[in-house]
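Visitor: Mind having a look at this structure? Questions to follow.
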Amino acid sequence: MAASPCHQRTVMAALIRRATSVIGYNFQNRHFFSPAVPRMEETGLYGCHHLKNPKGFQRIVDDAIERSNELVGYISRMSSSSEIIDAMDEISNTVCQVVDSAELCRHTHPDREFVDEALKASMRINEYLHYLNTNLTLYDAVLKAEKAQTLMSEEAKRVARDLCIDFEKGGIHLCAEKKDRVSQLNVEIAKCCAQYNENIAKEPGYVDVYPASLIPKNLHNLVKPVNRLTSHGLRVNIKEKGFRIVTDPSTVSAVLQWTSDDEVRKMTYIKSNSVPHANLGVLDKLIAARHEISQIMGYSSYGEYALQSNMASSPYVVSSFLVELSKAVQPKAVEEFESMRDFKRRKNSQDLELEPWDEAYLARSMKSSAYNMDFSVIASYFSLSQCIEGLKVLVESLFGMKFIDIPLAPGESWHQDVLKMVLYQPNEGDLGYIYLDLNSRPGKYPGCAHFAIRGGRQVSKTEYQLPVIALVCNFSKSQNSAIVRLNHSDVDTLFHEFGHALHSLLSRTDYQHFSGTRVAFDMAETPSNLFEYYAWDYRVLKKFAKHYSTGDIIPEKLVTSMQGSKKMFAAMELQQQIFYALVDQTLYGDQTLSPIDTTSVVADLRKQHTNWKHVEGTHWQTRFSHLLYYGAGYYSYLYAKCFASTIWERVCKDDPLSLETVNETYGMCYAKWQFRSTVLFFVWGNCCFRLVFANKQGIVFPRVIWAMALYEMMKTS
Ligand SMILES: [Zn+2]
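Each residue of the sequence shown is one higher than the one before, counting from 1 in the UniProt record's numbering.
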């Protein structure tokens, strides 16, 4: 249950909330970007003819700035509110396309010159964004449009309100003195974040282990050999071989899972949770600066300030959600904890207590003794090409749509592995384009992410700008085989990212401001979490998971084992995430006890909400960089998980691939298709789930929804 942001999300104030769209947009030529060119004429990167070479990035930045300046010039003279909002959205669209294409290029292009130019373009366009986000002319115009109350559509009203809030988050409405202070504090926050990360990189910590035999063989590639001089009886200065464990997160995770020696795990756990010490001070400074900003803006805490445009809308709602979730999960987590303790006692024939450094090791041992799964056997059913087939099966069954492979025009692609597909619906034609860049290669972005290249928006009464996105992963070819076979965790990730992709491709908002994943922060992960369920359901898997050489369908028994293993410690894992989210809420919550002692907050919350003890002297919060990026938003992941779980249980579980079932349940308002309407609900944030459930339940308030979500979640774990 990793909770890191898995799709690219650049949160910026005002015009660009979450960068997610395409390329230089030319007012005279709205089809500047034409991915469906039937004739394969030479074009540039992503179909943008200016990007035939790296220097083209300078040109698209120039064009975007020129066009935006022109619109900024017009906007103060515009009298109609809808004209103002349209113009704002066009500025945002123009700038977003540059930001997003540069972002994708920086992370994936194999040509260094392209990467360098994309980086320069990013810097220039971000500077320009700062100018836009602090531009009083734009703010006044948006304020006027919002106050006039003449905007016709709900979506337009919401764009206006949202833009005002975002501008004000940057302090544009404050007096000069307060504005200066906010700028100073923002600089300080940026410095703290950089310092925090630098300290982690500079001081990962290490543990030297002797003798070398204490480290299992499968970890030898992760540790460094070291020596020391020792004495043995009468013999002195004997060279003893050992290993140095550098306590970076991935090594620590492997050591804690695979090392049977208690002492080695204990040393590793303690060291990794007590470096870098300097970050205690950095975190205090960061929390204080964020708190001061929220005070200047008139909020009682940073949490309150940060959550105002989220669905949850206030820290009170979030903490009640987390506390209720914690209570619901407690009995099951205690059961799991006790089974783990019994396992340890049986293994050691002693009345031993569980220690925090036992968790990963015992969980892995218990899972493998219960299910004994061979991961390479599982992977042989998930060749990458079959998994792509699986995605096609999903859109066809669920939405009656097709993903059709289309050729790339000369110059459009950035690597020979890149594939392009169009999402097609028989009655409506093309709905959007997706680039797939799924294989790993040196220098490429190491994670999996969904990059939007262009957001959808209504350009005129008859013309809709189709979304264009890229799905970027890092799947590697197995040794001695040209076929890429995925571990099931990779399949899970692919389906998750595909959920984001569909959210972008199917959303039909009038304004690109709300297109695709540009929704309330705590809603963005719902479609992706929903699609993870499809990667675990046998009825779905049997449609595409076929052995790469024999063509046999994956055995149901194997899938049952995979599911069993996944659920084995689900409650304890959930508890851990609740604890993280509560730490994030508390540190950015009420500061009446200022300055807050972060270590005792962490220790208390661990005691209250998990079964694990706090180890004196450790301070895990000095390495949890989600505290920088999420800032009171870490709960979002759990929030989305709850919604996804409820949708799955209520809507999809009985017959996950049925168009009819899904149509009937999802397709109740606004749109023609089930998922599209849900996507629209996502846009509407707060009220969306009330509407989703209103169909069967009458008016349902968030509290009731949590209760349902909790119930469903516990039932399935
Ligand atoms: Zn995600």
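The beta-carbon is built from N, C-alpha and C at its ideal position, and this holds for glycine as well.
#1: What whole-angstrom Cβ distance do V264 and F514 have, given they're in contact under 8 angstroms?
#2: Return helix, strand or coil for D590, following the three-state DSSP convention.
#3: Is H107 near ligand 1, in the sense that its beta carbon is under 7 angstroms from a heavy atom of that ligand?
#4: From the DSSP secondary-structure annotation, give me the bridge partner or partners of T43.
#5: Could you spell out where the alpha helix (DSSP H) holding S68 opens and where it closes?
#6: Which runs of the beta strand (DSSP E), 3 residues or longer, sit entirely within the region 93-176?
#7: Return the CA-CA distance between E304 and G564, expressed in angstroms with no decimal places.
#8: Check for me: the alpha helix (DSSP H) holding T509 runs from which residue to which?
#9: Per DSSP, which residues does Y433 bridge with? Please list them.
#10: Over what stretch of residues does the beta strand (DSSP E) that includes F243 continue unbroken?
#11: Helix, strand or coil: how does DSSP classify D374 here?
#12: Would you check whether ligand 1 has a heavy atom nearer than 7 angstroms to the C-beta of E355?
#13: How about V115 and V61: do their beta carbons lie closer than 8 angstroms?
#14: So, at 7 angstroms on beta carbons, what are the nonlocal neighbours of I75 in its own chain, with the 5 sequence-adjacent residues on each side left out?
#15: At which residue ranges does the region 263-296 contain complete beta strand (DSSP E) runs of 3 or more residues, listed in the order of the chain?
#16: Rounding to the nearest angstrom, what Cα-Cα distance links P211 and H232 in this structure?
#17: Would you check if the distance between the CB atom of L280 and the CB atom of T586 is smaller than 8 angstroms?
#18: Could you tell me whether the region 296-311 touches the region 631-640, where touching means 3 or more Cβ pairs closer than 8 angstroms?
#19: So G516 packs on L466, CB below 8 angstroms; how close in whole Å?
#20: Applying the 10 Å Cβ sphere with the 16-neighbour rule, what's the burial state of Q591?
#21: Ordered along the chain, which non-local residues of its own chain (more than five positions away) have a Cβ less than 8 angstroms from that of V95?
#22: I'd like to confirm something about E573: is its beta-carbon nearer than 7 angstroms to some heavy atom of ligand 1, or not?
#23: What's the call for V93, buried or exposed, on a 16-neighbour Cβ count within 10 Å?
#24: Per DSSP, what kind of secondary structure is F693 in: helix, strand or coil?
#25: Leaving out five residues before and five after L322 in sequence, what residues of the same chain have Cβ atoms less than 8 angstroms from its Cβ?
#26: Taking the straight line between their C-alpha atoms, what separation do you get for L286 and L174?
#27: Cα-Cα, which of M562, L494 and W536 is closest to A370?
#28: I'd like to confirm something about E525: is its beta-carbon nearer than 7 angstroms to some heavy atom of ligand 1, or not?
#29: Per DSSP, what are the beta-bridge partners of N227 in this structure?
#30: Give me the Cβ distance between A571 and K332, rounded to the nearest whole Å; I'm assuming they're in contact under 8 angstroms.
#31: What's the gap between the Cα of K557 and the Cα of M373?
#32: Can you tell which of E428, G298 and S476 has its C-alpha closest to the C-alpha of Y464?
#33: Quick one: Cα of E573 to Cα of S82, how far?
#34: With DSSP run on the structure shown, which of helix, strand or coil describes C642?
#35: Around the Cβ of M123, are there at least 16 other Cβ atoms within 10 angstroms (buried) or fewer (exposed)?
#36: With DSSP as the reference, identify every bridge partner of I453, one or two as the case may be.
Guide: Considering the structure as presented:
#1: Residue 264 sits at position 264 when you count from the first residue of the sequence shown. Residue 514 sits at position 514 when you count from the first residue of the sequence shown. Not really, about 51 angstroms apart at Cβ, beyond 8 angstroms.
#2: Start at 1 with the first residue of the sequence shown, and residue 590 comes out as number 590. D590: coil per DSSP, three-state reduction.
#3: Stepping through the sequence shown from its first residue, residue 107 is reached at position 107. H107: no, Cβ never under 7 angstroms from ligand 1.
#4: Working through the sequence shown from its first residue, we reach residue 43 at position 43. The partner list for T43 (beta bridge, DSSP) is empty, contrary to what the question assumes.
#5: Stepping through the sequence shown from its first residue, residue 68 is reached at position 68. S68 -> alpha helix (DSSP H) spans G56 to I75.
#6: none
#7: To locate residue 304, count along the sequence shown from 1; it is residue 304. To locate residue 564, count along the sequence shown from 1; it is residue 564. If you take the alpha carbons of E304 and G564, they lie about 40 angstroms apart.
#8: Here residue 509 refers to the residue found at position 509 of the sequence shown. Segment: none, T509 is in no alpha helix (DSSP H) and carries neither H nor E.
#9: Residue mapping note: residue 433 aligns to position 433 of the sequence shown, counting from 1. Within the DSSP bridge table, the entry for Y433 names V422 and V468 as partners.
#10: Taking the first residue of the sequence shown as position 1, residue 243 is located at position 243. R235 to V246 is the extent of the beta strand (DSSP E) around F243.
#11: In the sequence shown, residue 374 corresponds to position 374, counting from 1. In the structure shown, D374 sits in coil (DSSP, three-state: anything other than H, G, I, E or B).
#12: What you label residue 355 is simply residue 355 of the sequence shown in a count that begins at 1. No, the beta carbon of E355 sits no closer than 7 angstroms to any heavy atom of ligand 1.
#13: The residue you call residue 115 lines up with position 115 of the sequence shown. The residue you call residue 61 lines up with position 61 of the sequence shown. Contact: no.
#14: Taking the sequence shown and counting its residues from 1, one reaches residue 75 at position 75. Closer than 7 angstroms at Cβ, skipping near neighbours: I84, A87, T137, L138 and A141.
#15: none
#16: The count along the sequence shown starts at 1 and reaches residue 211 at position 211. The count along the sequence shown starts at 1 and reaches residue 232 at position 232. C-alpha of P211 to C-alpha of H232: approximately 13 angstroms in a straight line.
#17: By one-based count along the sequence shown, residue 280 stands at place 280. By one-based count along the sequence shown, residue 586 stands at place 586. In this structure, T586 does not lie closer than 8 angstroms to L280 by Cβ.
#18: yes
#19: In the sequence shown, residue 516 corresponds to position 516, counting from 1. In the sequence shown, residue 466 corresponds to position 466, counting from 1. Contact flag wrong, Cβ pair sits at about 12 angstroms.
#20: Here residue 591 corresponds to residue number 591 of the sequence shown, with the count starting at 1. Result: buried.
#21: As a first step, residue 95 is located in the sequence shown; it is residue number 95 there, counting from the start. So the list reads L15, I16, A64, S68, I125, Y128, L129 and L132, once near-sequence residues are dropped.
#22: On the sequence shown, position 573 is the one that residue 573 refers to. Incorrect: E573 has no Cβ contact closer than 7 angstroms to ligand 1.
#23: Translated into the one-based positions of the sequence shown, residue 93 becomes position 93. Note that residue 93 is Asn in the sequence shown, not Val. Buried is the call here.
#24: Position 693 of the sequence shown, counting from 1, holds the residue named residue 693. Interpretation of F693 is limited by its pLDDT of 32, a score under 50 that renders its predicted location unreliable; the figure taken from the coordinates is listed afterwards. Looking at F693 - three-state DSSP - the assignment turns out to be helix.
#25: For the purposes of this step, residue 322 is identified with residue 322 of the sequence shown, where counting begins at 1. I578, A581, L582, Q585, Y635 and L638, listed in sequence order.
#26: If you number the sequence shown from 1, residue 286 lands on position 286. If you number the sequence shown from 1, residue 174 lands on position 174. Cα to Cα, the separation comes out at about 22 angstroms.
#27: For the purposes of this step, residue 370 is identified with residue 370 of the sequence shown, where counting begins at 1. Looking at the Cα atoms, M562 is the closest of the given residues.
#28: Within the sequence shown, numbered from 1, the residue matching residue 525 stands at position 525. Indeed, a heavy atom of ligand 1 lies less than 7 angstroms from the Cβ.
#29: Sequence index remark: in the sequence shown, residue 227 carries index 227 (1-based). Bridge partners of N227: K241.
#30: Position 571 of the sequence shown, counting from 1, holds the residue named residue 571. Position 332 of the sequence shown, counting from 1, holds the residue named residue 332. Right, their Cβ atoms sit about 4 angstroms apart.
#31: Looking up residue 557 in the sequence shown gives position 557. Looking up residue 373 in the sequence shown gives position 373. Taking the straight line from one Cα to the other gives about 11 angstroms.
#32: Walking along the sequence shown from the start, residue 464 turns up at place 464. Closest option to Y464, Cα to Cα, is E428.
#33: Here the question's residue 573 lines up with position 573 in the sequence shown. Here the question's residue 82 lines up with position 82 in the sequence shown. When rounded, the distance between both Cα atoms is 48 angstroms.
#34: The residue given as residue 642 occupies position 642 in the sequence shown. Note: C642 maps to helix in three-state DSSP.
#35: Numbered from 1 along the sequence shown, position 123 holds the residue referred to as residue 123. The residue in question, M123, is exposed, as its Cβ has fewer than 16 Cβ neighbours within 10 Å.
#36: By 1-based counting over the sequence shown, the position of residue 453 is 453. DSSP lists no partner for I453.
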